[in-house]
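Asker: Listed in order, the protein sequences are those of chains A and B.
Residues 1 to 211 (the numbering used here) make up the first sequence, in order.
Residues 212 to 422 (the numbering used here) make up the second sequence, in order.
Yeah, the Cβ is synthetic: ideal placement off N, Cα and C, and Gly gets one too.
Note that the coordinates shown come from a computational prediction; the quantities given were computed from them, not determined experimentally.
Mind having a look at this structure? Questions to follow.
Protein chains: 2
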Amino acid sequence: MNKLKQKISEKTIERLSIYRRYLKDLQKNGKDRVYSHELAQLVSGTAAQVRRDLMQVGSNGCSSKGYEVSMLIDEIAKLLDCSEKQNIALIGVGNLGRALLGYFSGSRENYDIVALFDNAPDKCGRVICGKRCYSMNQLTEIVKEQKISTAILAVPAEAAEETAQNLIDAGIKAILNFAPRHITTRSRVFIETLDMTKALEKAIYFSRKNT
Amino acid sequence: MNKLKQKISEKTIERLSIYRRYLKDLQKNGKDRVYSHELAQLVSGTAAQVRRDLMQVGSNGCSSKGYEVSMLIDEIAKLLDCSEKQNIALIGVGNLGRALLGYFSGSRENYDIVALFDNAPDKCGRVICGKRCYSMNQLTEIVKEQKISTAILAVPAEAAEETAQNLIDAGIKAILNFAPRHITTRSRVFIETLDMTKALEKAIYFSRKNT
DNA sequence: TTCACGCTGTGTAATATTTCACAATTAAAG
DNA sequence: CTTTAATTGTGAAATATTACACAGCGTGAA
Numbered sequence: 001m002n003k004l005k006q007k008i009s010e011k012t013i014e015r016l017s018i019y020r021r022y023l024k025d026l027q028k029n030g031k032d033r034v035y036s037h038e039l040a041q042l043v044s045g046t047a048a049q050v051r052r053d054l055m056q057v058g059s060n061g062c063s064s065k066g067y068e069v070s071m072l073i074d075e076i077a078k079l080l081d082c083s084e085k086q087n088i089a090l091i092g093v094g095n096l097g098r099a100l101l102g103y104f105s106g107s108r109e110n111y112d113i114v115a116l117f118d119n120a121p122d123k124c125g126r127v128i129c130g131k132r133c134y135s136m137n138q139l140t141e142i143v144k145e146q147k148i149s150t151a152i153l154a155v156p157a158e159a160a161e162e163t164a165q166n167l168i169d170a171g172i173k174a175i176l177n178f179a180p181r182h183i184t185t186r187s188r189v190f191i192e193t194l195d196m197t198k199a200l201e202k203a204i205y206f207s208r209k210n211t
Numbered sequence: 212m213n214k215l216k217q218k219i220s221e222k223t224i225e226r227l228s229i230y231r232r233y234l235k236d237l238q239k240n241g242k243d244r245v246y247s248h249e250l251a252q253l254v255s256g257t258a259a260q261v262r263r264d265l266m267q268v269g270s271n272g273c274s275s276k277g278y279e280v281s282m283l284i285d286e287i288a289k290l291l292d293c294s295e296k297q298n299i300a301l302i303g304v305g306n307l308g309r310a311l312l313g314y315f316s317g318s319r320e321n322y323d324i325v326a327l328f329d330n331a332p333d334k335c336g337r338v339i340c341g342k343r344c345y346s347m348n349q350l351t352e353i354v355k356e357q358k359i360s361t362a363i364l365a366v367p368a369e370a371a372e373e374t375a376q377n378l379i380d381a382g383i384k385a386i387l388n389f390a391p392r393h394i395t396t397r398s399r400v401f402i403e404t405l406d407m408t409k410a411l412e413k414a415i416y417f418s419r420k421n422t
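Following this line, the structure appears as structure tokens:
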């Protein structure tokens with residue numbers, strides 16, 4: 001029934017994350033069923049697209065009653081989440097880094113920032129927002145010790161590439177990069193860049209085109 | 212020569228922004244020519260793709276010498292930038308908002324954050340990082356007064372949709388949304404959502420899939 | 001000049017992603 | 001039970017995006 005291991009596209013993974021967040025809201029509000037066209041609005045997509053996405057998680061929609069919210073959440077979790085909680089490192093504890101620390105701290109079930117890294121002497125050694133800050137030369141050690149799989153990179157642009165390489169060398173498997181640099185690597189590490197400058201310039205461009 | 216007004220895709224606009232940032236670096240370093248395959252590395256793309264992108268800005272590449280850096284920068288600016296500097300509003304002056312304010316302040320030539328908005332009484336009325344913070348009910352007034360075209364939305368998820376609607380009503384033409392909510396609207400306003408939670412969950416997912 | 005090389009510009013092919021459209025299924029009403 | 005209305009799952013079409021491949025041109029060397 002479940003066609004095992006057809007690779008799921010990045011776009012679908014992104015949408016699944018969005019669906020799940022909304023489904024959890026629905027659950028909180030006591031709604032226990034949902035239709036594909038309701039989810040479609042969330043991503044400015046079509047109902048058919050939603051159904052295709054959900055098929056890939058082994059969907060269990062019911063004709064004319066839609067999908068069961070709690071089951072969908074479970075199915076998506078089975079796909080997106082690892083069985084054990086994922087440990088995340090935050091690299092760079094400047095203004096942006098601290099904001100991200102606050103943003104990602106709290107009620108996350110399946111991942112958590114467990115270590116900070118920064119070379120500034122006034123930061124490393126300290127505990128910031130409840131997390132210990134280490135210097136970069138402890139990276140490999142801590143990554144191993146805490147089984148950290150993923151890093152959030154919030155260092156200045158000039159330091160991004162070198163730092164990313166250090167992360168890769170330390171055994172990190174994925175990087176969420178906030179520095180305005182697209183990082184290239186020949187390794188199999190997954191790098192997702194959230195380029196805020198690019199996004200703002202794009203928004204400014206289309207502010208004039210969408211009359 | 213320049214085939215007027217074939218619509219340029221969002222993806223191309225994003226890449227152009229990235230090319231330009233790199234080109235400015237090259238210029239600073241005294242390099243005055245660049246090949247399409249050099250730019251291709253930046254976006255993990257192919258040389259052909261870069262050449263297609265550059266064609267759309269009216270490219271002027273020269274066989275066997277590549278593109279002239281300063282001319283490319285000018286051509287891209289002619290496409291991406293407006294003639295006058297764009298005024299930006301930042302909505303939500305929490306931790307993330309302040310970090311974004313720092314991030315986007317400084318040496319930007321073609322846009323600038325000129326006004327902050329937040330309803331917290333300890334913030335509105337004050338000047339933060341050199342920018343005045345207003346309360347949300349002054350929005351329409353200030354947007355008109357300062358000719359603000361674009362807003363950066365950094366409010367909590369619960370407030371995102373309502374605030375976005377207020378922005379649209381006030382005449383904003385584009386929104387860069389940092390709240391973890393996908394905002395739907397029937398208006399022609401351009402909305403770009405930078406969904407950090409989605410991005411992190413995606414990174415975590417692929418940290419396990421990329422062997 | 002002539003040749004060889006390397007790069008651009010672009011038609012065409014290939015791939016990825018989304019949408020359409022409809023048979024099958026379920027629920028509910030009569 | 002039969003009919004009606006609504007929704008799912010999915011093949012096939014449509015669209016969007018990327019990559020290939022090569023003609024043509026400029027450059028530099030002989």
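Got a sec: is the Cβ-Cβ distance from Gln349 of chain B to anything in chain A below 8 Å?
Answerer: So no, Gln349 of chain B is outside the interface.
Asker: Could you tell me the boundaries of the alpha helix (DSSP H) in which Ile175 of chain A lies?
Answerer: Here Ile175 of chain A belongs to no alpha helix (DSSP H); instead the beta strand (DSSP E) covers 174 to 177.
Asker: Three-state secondary structure (DSSP) at Tyr246 of chain B?
Answerer: Here Tyr246 of chain B sits in coil by DSSP.
Asker: Residues of chain A with CB closer than 8 Å to the CB of Val254 of chain B, please, in chain order.
Answerer: Within chain A, the residues near Val254 of chain B are His182.
Asker: For Gln357 of chain B, I'd like the list of residues in its chain whose CB is within less than 7 Å of its CB, leaving aside the five on either flank, ordered along the chain.
Answerer: Asn298, Val325, Ala326, listed in sequence order.
Asker: My output table needs one value for Glu109 of chain A: the three-state DSSP class, helix, strand or coil.
Answerer: Of the three classes helix, strand and coil, the one that applies to Glu109 of chain A here is coil, per DSSP.
Asker: Any idea what DSSP makes of Gly186 of chain B, helix, strand or coil?
Answerer: This structure leaves residue 186 of chain B out entirely; chain B is present only between 212 and 422.
Asker: Do we get a CB-CB distance below 8 Å when we pair Glu373 of chain B with the residues of chain A?
Answerer: No - not a single Cβ of chain A is within 8 Å of the one on Glu373 of chain B.
Asker: For Ala157 of chain A, which residues of its own chain have a beta-carbon under 6 Å away from its beta-carbon, when the five flanking residues on both sides are left out?
Answerer: Hits under 6 Å: Ala179, Pro180, Arg181.
Asker: Can you tell me whether DSSP reads Val50 of chain A as helix, strand or coil?
Answerer: It is helical.
Asker: Using a Cβ cut-off of 8 Å (strictly closer), state whether Arg51 of chain A contacts chain B.
Answerer: No, because no Cβ of chain B sits closer than 8 Å to the Cβ of Arg51 of chain A.
Asker: Does the beta-carbon distance from Asn210 of chain A to Lys384 of chain B come in below 8 Å?
Answerer: Yes, Cβ-Cβ distance for Asn210 of chain A and Lys384 of chain B is below 8 Å.
Asker: From what residue to what residue does the alpha helix (DSSP H) around Glu369 of chain B run?
Answerer: Looking at the DSSP string, the run of the alpha helix (DSSP H) that includes Glu369 of chain B is 368 to 381.
Asker: So what does DSSP say about Thr150 of chain A, is it helix, strand or coil?
Answerer: Correct three-state label for Thr150 of chain A: strand.
Asker: Thinking C-alpha only, which one of A:Leu101, A:Leu100, A:Leu54, A:Glu109 is nearest Asp81 of chain A?
Answerer: The option with the nearest alpha carbon to Asp81 of chain A is A:Glu109.
Asker: Put Arg20 of chain A into one of helix, strand or coil per three-state DSSP.
Answerer: Arg20 of chain A falls in the helix class under three-state DSSP.
Asker: How close, in whole Å, do the beta carbons of Val245 of chain B and Val280 of chain B come, if the pair is a contact with beta carbons under 8 Å?
Answerer: Contact holds; Cβ gap of about 6 Å.
Asker: Using a Cβ-Cβ cut-off of less than 9 Å, give me the residues of the segment 278 to 290 of chain B that come near chain A, in sequence order.
Answerer: Against chain A - using a Cβ distance shorter than 9 Å - the residues of the segment 278 to 290 of chain B are Leu290.
Asker: Under the rule that 16 or more other beta-carbon atoms within 10 Å means buried, what is Gly241 of chain B, buried or exposed?
Answerer: That one is exposed.
Asker: Going straight from the alpha carbon of Asn2 of chain A to that of Gly61 of chain A, what length do you get?
Answerer: Below a pLDDT of 50, predicted positions are generally treated as unreliable, and Asn2 of chain A, at 36, falls in that range; the measurement from the model is reported next regardless. Spanning the two alpha carbons is a distance of roughly 14 Å.
Asker: Is the distance from the Cβ of Ala154 of chain A to the Cβ of Leu100 of chain A below 8 Å?
Answerer: Yes. Within cutoff.
Asker: Name, in chain order, the residues that DSSP records as bridge partners for Leu116 of chain A.
Answerer: Paired residues: A:Leu90, A:Cys133.
Asker: Please identify, using Cβ separations under 8 Å, the residues of the segment 411 to 422 of chain B that lie next to chain A, in order along the chain.
Answerer: Correct list: Leu411, Glu412, Lys413, Ala414, Ile415, Tyr416, Phe417, Ser418, Arg419, Lys420, Asn421, Thr422.
Asker: Just how far apart, CA to CA, sit Ser220 of chain B and Arg226 of chain B?
Answerer: Going from the Cα of Ser220 of chain B to the Cα of Arg226 of chain B covers about 10 Å.
Asker: Which residue or residues does DSSP assign as beta-bridge partners of Gly277 of chain B?
Answerer: BP columns for Gly277 of chain B point to B:Cys273.
Asker: Report the neighbours of Ser149 of chain A on chain B: residues whose CB is nearer than 9 Å to its CB, in chain order.
Answerer: Chain B residues near Ser149 of chain A: Ile415, Ser418, Arg419.
Asker: Can at least three beta-carbon pairs, one atom from the segment 118 to 131 of chain A and one from the segment 48 to 64 of chain A, be found at a separation below 8 Å?
Answerer: The segment 118 to 131 of chain A vs the segment 48 to 64 of chain A: no contact.
Asker: Please confirm if Lys239 of chain B has its CB atom under 8 Å from at least one CB of chain A.
Answerer: Not an interface residue.
Asker: What did DSSP end up calling Lys214 of chain B once you bin it into helix, strand or coil?
Answerer: Because Lys214 of chain B carries a pLDDT of 39, less than 50, the predicted location of this residue cannot be relied on, and no value is offered for it.
Asker: Starting from the beta carbon of Phe190 of chain A, find every residue of chain B whose beta carbon is closer than 7 Å, and list them in chain order.
Answerer: By Cβ distance, chain B contributes Ala414, Phe417, Ser418, Asn421.
Asker: Do Thr248 of chain A and Ile168 of chain A have their C-beta atoms closer together than 8 Å?
Answerer: As shown, chain A starts at 1 and ends at 211. That puts residue 248 of chain A outside it, with no answer to give.
Asker: Taking the alpha carbon of Asn166 of chain A as the point to measure from, which residue in A:Ile76, A:Asn95, A:Gly102, A:Ile91 has its own alpha carbon closest?
Answerer: When each option's Cα is compared against that of Asn166 of chain A, the closest is A:Ile91.
Asker: Using only the alpha-carbon positions, how far apart do Ser149 of chain A and Val189 of chain A sit?
Answerer: Near 10 Å, if we compare the C-alpha coordinates of Val189 of chain A and Ser149 of chain A.
Asker: Report the rounded CA-to-CA distance for Lys413 of chain B versus His248 of chain B, giving the unit in angstroms.
Answerer: Looking at the two C-alpha atoms, the distance is approximately 29 Å.
Asker: Let me check understanding here. Comparing Cα to Cα, which of B:Ser398, B:Met407, B:Gln349, B:Leu405 lies closest to Asn330 of chain B?
Answerer: It is B:Gln349 whose Cα lies nearest to the Cα of Asn330 of chain B.
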